[in-house]
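In this note's numbering, the protein residues as written are 161 to 682.
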């Protein structure tokens, strides 16, 4: 793994990972500082400059063969970009970046790794190789389009990680991207180590650190931070080593609004801390049915999915997958491959836990912002979404992305909250504003899909069905009241019932409507 040093103040307790404790006595009796210990550690593991040595894993060649294309598939286009690669090691990724980007600056601490990278990639005229400690690295502000870091941040303390995140926000141009990949929770490599100078954080710790950091740019009179584009597991490690702890993040440098979403830095934080807390998700599931957090649960899912005439081997993208009930249904019933995206970390955590229990390799999940996520053209046979796009402002732009991601003849199927013609009642105005929804009438919604290039567009107003489903769910809730209260609380029961009754009232007045949309790509 690429070597970047820990700060001097880090303690032996911080250096150890689960099951691989650092011997305190060893560190205490050598008379060496932690930084010097790290130098000795990486000198020991950089003798030959092989991929096995750098990755600290005997399966390195097999892993590299599969994981490099997987990692590269998650990245934005690097055409014309200036790339900064931190912890570049011997250049497993450098060689690829040099064929894609305008210029690549590859940085690593270990001289032997830098020299090996030069030997492999020095013939390119768009490369710069730097031997440096990343904690002391200086890069001009607003000079980089894309920063790539692979197995680096786990060698930094929390303080150093925060400092580096701030520096990277300065180094990146507006709209620039940061990609990093880390071993979470415990070690992954199988090489023998007398001690393990690594800080294994949880996914949640990295996500919090990355999305909480902000910098102010005085000249622009503007604050900037990172928004999550995607977060996902490295599937290669899941398949080869049954290891789900290799995690990737792709982040975008974006301006921070002074009137952020209800006091949260990002919309994703708002979702996970307010609208879709873990407890709130499970309350919704109790109303909608096991595995579901969308209107009608399993009954509407079966009805709508049947419209698609799915075939084994087809690829489905589920936008706003929630906790995965619809994805498991599609994979089990029709043998399709499903990729579920949701911006809520809490949703995806529950979905992935259920996927492990279901043992369904055909279904994968990732935390992703669908307005920023990219896929190659013609990647999917079906794009499916249930009651999610109400959160998204520029629906036409999104539908154009969907159109490009679908294969010719591919199908789009969406159910979503809609609205009646204005003026709305004050209560509905307040509700929409509080939730941050962007709503259109079913007819307007259908026109956006048509403008995006789809044909055979069908836009159905399903409000009557919506009302009937709500009434059925209310009756079901009354029948399981004691069970609900035992599992949650009476206060939770009252809150959820009131929420459903308000939905019923909004729909009955005609303000809130429900649309079902089906279309085909030419």
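Where a beta carbon is used, it is the ideal one built from N, C-alpha and C, also for glycine.
Query, Result
"Supposed contact pair residue 499 and residue 520 - C-beta distance, whole angstroms, cut 8 Å", "The pair is not a contact, with the Cβ atoms about 12 Å apart (cut-off 8 Å)."
"Nearest-angstrom beta carbon gap, residue 233 and residue 260 [assumed within contact, 8 Å]", "Incorrect: roughly 13 Å between the Cβ atoms, too far for contact."
"Cβ neighbours of residue 334 in the same chain (closer than 7 Å, five flanking residues each side left out)", "413"
"Separation of residue 308 from residue 293, as counted between CA atoms", "16 Å"
"Where residue 237 falls, given that 16 or more other Cβ within 10 Å makes a residue buried", "exposed"
"Contact set for residue 375: own chain, Cβ-Cβ below 8 Å, skip 5 residues either direction", "326, 329, 330, 383, 384, 385"
"Own chain, CB closer than 6 Å to residue 363, minus 5 neighbours either side, in chain order", "344, 407"
"For residue 156, three-class secondary structure by DSSP", "No answer is possible for residue 156: the residues shown for the chain start at 161 and end at 682."
"Local Cβ density within 10 Å of residue 402, reported as buried at 16 or more and exposed below that", "exposed"
"Residue 600 versus residue 226 - alpha carbon distance", "44 Å"
"C-alpha gap between residue 652 and residue 533, whole angstroms", "35 Å"
"Sequence-distant residues of its chain with Cβ nearer than 7 Å to residue 564 (five each side left out)", "537"
"Residues near residue 373 in its chain [Cβ-Cβ closer than 8 Å; skip 5 each side]", "322, 325, 326, 329, 385, 386"
"Coil, strand or helix - residue 182 by DSSP", "Confidence at residue 182 is low in this model, with a pLDDT of 35, below 50, so the placement of that residue is unreliable and no value is reported for it."
"Helix, strand or coil at residue 534 [DSSP, three-state]", "coil"
"Residue 569: first and last residue of the uninterrupted beta strand (DSSP E) it sits in", "566–579"
"Touch test, the stretch 572–582 against the stretch 501–517, Cβ-Cβ under 8 Å, three pairs minimum", "no"
"Burial state of residue 381 (16 or more Cβ within 10 Å)", "exposed"
"Close Cβ partners of residue 625 (< 6 Å) along its chain, the five nearest in sequence each way excluded", "none"
"Between the CA atoms of residue 281 and residue 295 - distance to the nearest angstrom", "25 Å"
"Residues that DSSP places opposite residue 284 in a beta bridge", "Its beta-bridge partners do not exist; DSSP assigns none."
"Extent of the continuous beta strand (DSSP E) to which residue 452 belongs", "Element bounds for residue 452: n/a, residue is neither H nor E."
"Environment of residue 594 [buried if 16+ CB atoms lie within 10 Å]", "exposed"
"Which listed residue (635, 586, 496, 429) has its alpha carbon closest to that of residue 671", "586"
"Supposed contact pair residue 644 and residue 446 - C-beta distance, whole angstroms, cut 8 Å", "6 Å"
"Residue 615 burial status per 10 Å Cβ neighbour count (16 or more: buried)", "exposed"
"Nearest-angstrom Cα separation, counted from residue 302 out to residue 118", "Because the chain is modelled from 161 through 682, residue 118 falls outside the range shown and cannot be assessed."
"Start-to-end residues for the beta strand (DSSP E) that takes in residue 219", "Neither: residue 219 is in no beta strand (DSSP E) and is coded neither H nor E."
"Within 7 Å, strictly: CB atoms of residue 425 and residue 371", "yes"
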